[in-house]
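>
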Amino acid sequence: MSVGVHFPESNSTLESSIRLVLLHDAQGKLLVLLPASMMLNLAALWALTGRKLQAVRTDDAERFFTQQGLQSEQGQQRLMQSLPLLIDASLEGQTEFSLCEPTSALTFRWRYPGATDQQIQFGAISVRPAYGLMRKQPGGGEDVVAITRAVERFTALRIQQRLEDTLGLPALAPTTRKIIMLRSDPDAGVDQLVPVVRLDPSLSAQVMSWAVSPYYAAPGKVNSIDEAVIRVLGFDLVVNLALGIAMGQVLKVPDEVPRGATPYWQQSVYTATLCEKLARRIPLDKRPKVGLAYLAGLLHNFGYLVLGHLFQPQLAVLSRYVEANPHLEPVLIEQQVLNVTRDQIGGWLLESWNLPEEVYSAIRQQQCDEPEGDSETYARLLSLSKQLLRREGLADGPIYGVDPELCESLGLSLEQADGVVAELLGAQEDLDELTRTLSRARA
Numbered sequence: 036m037s038v039g040v041h042f043p044e045s046n047s048t049l050e051s052s053i054r055l056v057l058l059h060d061a062q063g064k065l066l067v068l069l070p071a072s073m074m075l076n077l078a079a080l081w082a083l084t085g086r087k088l089q090a091v092r093t094d095d096a097e098r099f100f101t102q103q104g105l106q107s108e109q110g111q112q113r114l115m116q117s118l119p120l121l122i123d124a125s126l127e128g129q130t131e132f133s134l135c136e137p138t139s140a141l142t143f144r145w146r147y148p149g150a151t152d153q154q155i156q157f158g159a160i161s162v163r164p165a166y167g168l169m170r171k172q173p174g175g176g177e178d179v180v181a182i183t184r185a186v187e188r189f190t191a192l193r194i195q196q197r198l199e200d201t202l203g204l205p206a207l208a209p210t211t212r213k214i215i216m217l218r219s220d221p222d223a224g225v226d227q228l229v230p231v232v233r234l235d236p237s238l239s240a241q242v243m244s245w246a247v248s249p250y251y252a253a254p255g256k257v258n259s260i261d262e263a264v265i266r267v268l269g270f271d272l273v274v275n276l277a278l279g280i281a282m283g284q285v286l287k288v289p290d291e292v293p294r295g296a297t298p299y300w301q302q303s304v305y306t307a308t309l310c311e312k313l314a315r316r317i318p319l320d321k322r323p324k325v326g327l328a329y330l331a332g333l334l335h336n337f338g339y340l341v342l343g344h345l346f347q348p349q350l351a352v353l354s355r356y357v358e359a360n361p362h363l364e365p366v367l368i369e370q371q372v373l374n375v376t377r378d379q380i381g382g383w384l385l386e387s388w389n390l391p392e393e394v395y396s397a398i399r400q401q402q403c404d405e406p407e408g409d410s411e412t413y414a415r416l417l418s419l420s421k422q423l424l425r426r427e428g429l430a431d432g433p434i435y436g437v438d439p440e441l442c443e444s445l446g447l448s449l450e451q452a453d454g455v456v457a458e459l460l461g462a463q464e465d466l467d468e469l470t471r472t473l474s475r476a477r478a
């Protein structure tokens with residue numbers, strides 16, 4: 036299940052809508068009203084109320100707001116009178132409210148009753164997200180500055196030398212370094228790859244497991260590493276999957292994630308597979324390298340593992356913010372809470388590990404409206420894949436539908452994109468088995 040929610044209104048309408056949020060703690064429930072374009076500032080909320088309130092789970096909110104009694108005007112007005120109400124200070128003086136609850140798509144109008152016996156309070160509990168972040172991502176040098184400031188603010192580390200030498204990140208295994216070198220060498224092929232796979236028992240076992248899995252449907256028996264790589268999987272796929280596993284072994288998936296979030300490896304496998312399938316449909320004159328499209332998808336969320344490694348104490352708070360603001364891109368919330376995003380830190384680290392520029396630059400720019408450089412097509416592929424997967428509940432984040440202009444920029448139609456998704460969903464059982472394989476490899 037994804038923590039993403041359908042938000043039925045356009046971005047322009049967001050500015051005039053008021054979001055309804057249901058929060059709870061041991062003392063009970065509380066309703067909050069704030070402009071839909073704003074982020075609920077939990078730190079300010081906690082300070083104002085003296086309570087450690089958090090948003091109810093996405094599925095609980097959906098059940099609560101879709102109950103039959105709230106589908107009538109009478110039931111909606113009763114709801115607004117039945118619970119304590121906290122209204123953002125920016126709305127003070129307003130008497131008519133157009134309310135929306137994005138999890139359930141419930142919308143209705145409510146009139147502020149003025150002085151009542153009900154507990155109604157106003158307070159400054161919202162903050163405007165850094166929407167400019169979505170237009171253009173700063174360059175790698177600026178990312179290093181942002182990461183350094185965030186690390187120094189939230190940890191005891193003081194950066195005195197090269198950033199990657201001071202963050203306590205585990206070293207890459209020799210096999211991983213060899214695979215990165217092969218991935219970066221345009222002339223490398225299976226003759227160079229097979230000996231590397233043979234020397235690593237764990238990787239050998241994984242390659243054989245992939246080769247005999249139903250998803251790849253190899254004809255006949257697969258009797259050796261050579262057959263698995265040459266006849267069934269191919270150079271690109273083995274390198275990309277091996278890199279994905281290797282990166283996952285360097286940094287573990289955090290224990291503290293938003294409730295209801297799509298599991299890390301499931302999101303990685305589905306994004307990688309969809310990026311690859313979409314890339315194959317792009318006209319030849321625009322088509323990116325299919326192997327790099329798969330690798331970018333597999334590692335697109337790698338920065339989240341790095342955030343979990345560097346900012347473990349802050350991750351619980353960050354998760355509560357994501358749950359309370361499901362209408363916002365997670366990177367906007369990360370920028371507000373940590374002053375750095377998963378895309379910045381993931382792109383920086385993959386660059387420092389010498390992965391192909393198309394991959395790390397696409398990951399850095401995957402949320403941008405205007406990606407630049409040789410990675411532009413890969414960044415757009417990531418963005419389109421996430422939109423399509425969110426619609427199916429297979430990726431996290433708000434769901435505004437699929438952007439036809441984004442499809443057009445890749446030389447695709449919406450019908451083609453929908454057809455690729457249908458093909459992907461037809462292989463769901465096999466993809467889930469591949470996900471389990473990658474998860475077990477990490478364990």
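Each residue of the sequence shown is one higher than the one before, starting from 36 at the first, in this note's numbering. Cβ atoms here follow ideal geometry from the backbone N, Cα and C, with glycine treated the same way. Keep in mind it's a predicted model, so treat the numbers as computed, not measured.
Along the chain, where does the beta strand (DSSP E) that runs through S133 open and close?
Reading the sequence shown from its first residue, position 98 is the one you call residue 133. E131 to E136 is the span of the beta strand (DSSP E), which, as asked, contains S133.
> In chain order, what residues of the same chain have a beta carbon less than 7 Å from the beta carbon of A246, not counting five sequence neighbours either side?
Here residue 246 refers to the residue found at position 211 of the sequence shown. Closer than 7 Å at the Cβ level, and outside the excluded window around A246, lie A253, V257, A263, V267 and L268.
> Along the alpha helix (DSSP H) that carries I368, what are the first and last residues, could you check?
Here the question's residue 368 lines up with position 333 in the sequence shown. First-last of the alpha helix (DSSP H) with I368: P365 to L373.
> Considering only the beta carbon of each residue, do V488 and A181 sit closer than 7 Å?
The chain is shown from 36 up to 478; residue 488 falls before or after that span and cannot be answered.
> I want to know whether the stretch 301-309 touches the stretch 348-365 - three or more CB-CB distances under 8 Å.
They do not touch, by the three-pair rule.
> Have a look at G408, G295 and E392 and flag the residue whose alpha-carbon is nearest the alpha-carbon of S354.
Numbered from its first residue, the sequence shown carries residue 354 at position 319. Selected option, being the one with the closest Cα: G295.
> Using beta-carbon positions only, say whether L57 and A96 come within less than 7 Å of one another.
Walking along the sequence shown from the start, residue 57 turns up at place 22. Walking along the sequence shown from the start, residue 96 turns up at place 61. It is a contact, given that the beta carbons lie within the stated cut-off.
> Rounded to whole angstroms, what is the Cα-Cα separation between R471 and D235?
By 1-based counting over the sequence shown, the position of residue 471 is 436. By 1-based counting over the sequence shown, the position of residue 235 is 200. If you take the alpha carbons of R471 and D235, they lie about 21 Å apart.
> Specify, as a first and last residue, the run of the beta strand (DSSP E) that Q156 falls within.
If you number the sequence shown from 1, residue 156 lands on position 121. Unbroken beta strand (DSSP E) run through Q156: I155 to G158.
> Based on Cα-Cα distance, which residue from V341, L447 and T130 lies nearest to P318?
As a first step, residue 318 is located in the sequence shown; it is residue number 283 there, counting from the start. Taking only the C-alpha atoms, the option nearest P318 is L447.
> Have a look at V352, V274, L416 and D320 and flag the residue whose alpha-carbon is nearest the alpha-carbon of Q371.
Within the sequence shown, numbered from 1, the residue matching residue 371 stands at position 336. If we check each option's Cα against that of Q371, V352 comes out closest.
> Which partner residues does Q89 have in the DSSP bridge list?
Translated into the one-based positions of the sequence shown, residue 89 becomes position 54. For Q89, which the question treats as bridged, DSSP gives the partners H59.
> With distances taken Cα to Cα, identify the nearest neighbour of S474 among Q301, P230, V273 and P439.
Here residue 474 is taken as the residue at index 439 of the sequence shown, counted from 1. Nearest of Q301, P230, V273 and P439 to S474, Cα basis: Q301.
> What number of angstroms, rounded off, separates the C-alpha of R426 from the C-alpha of L83?
Numbered from 1 along the sequence shown, position 391 holds the residue referred to as residue 426. Numbered from 1 along the sequence shown, position 48 holds the residue referred to as residue 83. Between R426 and L83, the C-alpha separation is close to 36 Å.
> Once the 5 residues before and after L350 are set aside, which same chain residues still bring their CB inside 6 Å of it?
Along the sequence shown, one-based indexing puts residue 350 at 315. Closer than 6 Å at the Cβ level, and outside the excluded window around L350, lie P289, E291 and G343.
> Assuming F346 is part of the beta strand (DSSP E), what are its boundary residues?
Numbered from 1 along the sequence shown, position 311 holds the residue referred to as residue 346. Taken as a continuous stretch (DSSP letters only), F346 belongs to no beta strand (DSSP E), as it is neither H nor E.
> Please determine if the stretch 121-130 and the stretch 329-336 are in contact, where contact requires at least 3 C-beta pairs separated by less than 8 Å.
Output reads no: the stretch 329-336 does not touch the stretch 121-130.
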